[in-house]
Structures are given as structure tokens and as C-alpha cells.
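Residue numbers (the working numbering): 68 to 248. Comments concern the structure below.
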């Protein structure tokens with residue numbers, strides 16, 4: 068079982084706070100409406116600190132960061148949004164962490180995992196939380212939501228990996244063992 072030392076716990080906490088802050092600040096550049104479903108879903112930067120946490124601290128730190136980052140959604144009373152956001156980010160994080168091959172393979176697995184998990188979750192959760200949403204209505208939303216999840220996952224992974232690749236040597240010099248997945 069992976070353990071978080073104090074430096075990794077501190078980093079995961081800071082990245083969680085950054086994710087939560089980016090969830091609070093609405094409007095560009097932190098919150099950009101998704102063109103296929105404006106007013107319903109939007110691209111945001113919340114997942115990027117979660118991916119950075121995965122790369123720098125490992126899976127346990129990333130889950131911790133995701134819980135902190137998504138908690139603000141629950142605190143504002145948006146239970147559905149909080150559940151969906153947390154499930155989406157965890158689907159991305161877990162798939163990325165489980166695959167042991169290169170960045171491209173890990174990224175593809177993470178994107179596919181997010182799309183598959185969120186398609187199933189949206190199919191059931193939309194009907195559960197919004198009783199007026201018929202099955203036909205929800206099925207009509209799944210394709211644009213799938214496109215959204217592909218693009219959001221890539222928006223989380225690519226910049227986070229670029230930042231990580233630039234800073235990972237400094238992280239090791241700081242005296243922390245690299246446990247990236």
C-alpha cells in the first residue's frame with residue numbers, strides 16, 4: 068500500500084485547494100461553456116491539479132486531491148454536479164494510474180475510461196436526479212457528453228504532463244522519491 072509522506076500530503080492538499088478554487092471562480096479562463104451544450108456543462112481547470120497530484124504523489128494523493136477539489140461543489144449544494152465531477156475525475160485518475168506503459172497508452176486508457184464510466188453514470192444518474200428526464204432524452208445527451216468527456220480528459224492530462232515533465236527533476240532534488248504511476 069502506498070503511503071503519503073508529509074511533503075506529498077502537503078502537495079496533494081495544495082493541489083486540492085487549487086482545484087477547489089478553480090471550481091469556485093466562474094467564467095473564462097477557469098470555466099468555458101462547452102459549445103455543444105452551453106449552459107449545461109463547461110470545460111474547467113479543476114482536473115489539471117488532480118492529474119498533477121497523480122503524477123507527483125501517486126494514486127492515493129490524487130484521490131485525496133480529487134475529494135478536496137470536488138468538495139466545494141457539494142458545499143454549494145450541487146449534489147448531482149459533485150457526484151458526476153468526482154466520478155469523472157476518479158475514472159480518469161484510476162485508469163491513468165493502473166496502466167504501466169507510456170504516456171500515450173495511459174492517456175488513451177484514461178480518456179476511454181472516463182467516457183465509458185461517464186456514459187453509464189450519466190445514463191442512470193440523469194434519470195435519477197432529474198425525474199423529468201426521459202430515457203430517450205438522456206440517450207440524446209450521451210454523444211455530446213461523450214465528446215465533452217474526451218476533450219475535458221485531454222485538457223486535464225496534456226498540460227499536467229507537460230508541467231510534470233518540466234518539474235519532475237526538481238521534485239526529486241527536493242528530496243522526494245518519485246512515485247508517479
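Cβ coordinates follow ideal geometry from the N, Cα and C atoms, glycine included.
- Out of 103, 87, 183, the CA that lies nearest to the CA of residue 97 is found in 87.
- Spanning the alpha carbons of residue 205 and residue 138 requires a straight line of approximately 26 angstroms.
- Judged by DSSP in its simplified three-state form, residue 166 adopts coil rather than helix or strand.
- Take residue 185, set aside five residues on each side of it, and the residues of its chain with a beta-carbon closer than 8 angstroms to its own are 151, 154, 155, 158, 212, 213, 216, in chain order.
- About 10 angstroms separates the beta carbon of residue 119 from that of residue 229, a gap too long to meet the 8 angstroms contact definition.
- Following the DSSP letters along the chain, one finds residue 100 inside the beta strand (DSSP E) bounded by residues 98 to 100.
- An exposed status is given to residue 203, since fewer than 16 other beta-carbon atoms sit within 10 Å of its beta-carbon.
- In the DSSP assignment, the residues bridged to residue 111 are 98.
- Closest option to residue 113, judged by alpha-carbon separation, among 104, 124, 93: 93.
- The beta carbons of residue 101 and residue 109 sit closer together than 8 angstroms.
- Less than 8 angstroms separates the beta-carbon of residue 132 from that of residue 82.
- When DSSP states are grouped into helix, strand and coil, residue 125 belongs to the coil group.
- For residue 227, the CB contacts under 6 angstroms within the same chain, skipping 5 residues up- and downstream, are 115, 118, 119 in chain order.
- Residue environment for residue 125: buried (at least 16 other C-beta atoms within 10 angstroms of its C-beta).
- In the displayed model, residue 104 falls within coil according to three-state DSSP, outside both helix and strand.
- In this structure, DSSP gives residue 130 a helical state, which the three-state scheme calls helix.
- Relative to the Cα of residue 189, the nearest Cα in the group 208, 178, 123 belongs to 208.
- For the pair residue 220 and residue 181, the CB atoms are nearer than the 8 angstroms cut-off.
- The residue from 236, 79, 122, 234 with its alpha-carbon nearest to that of residue 224 is 122.
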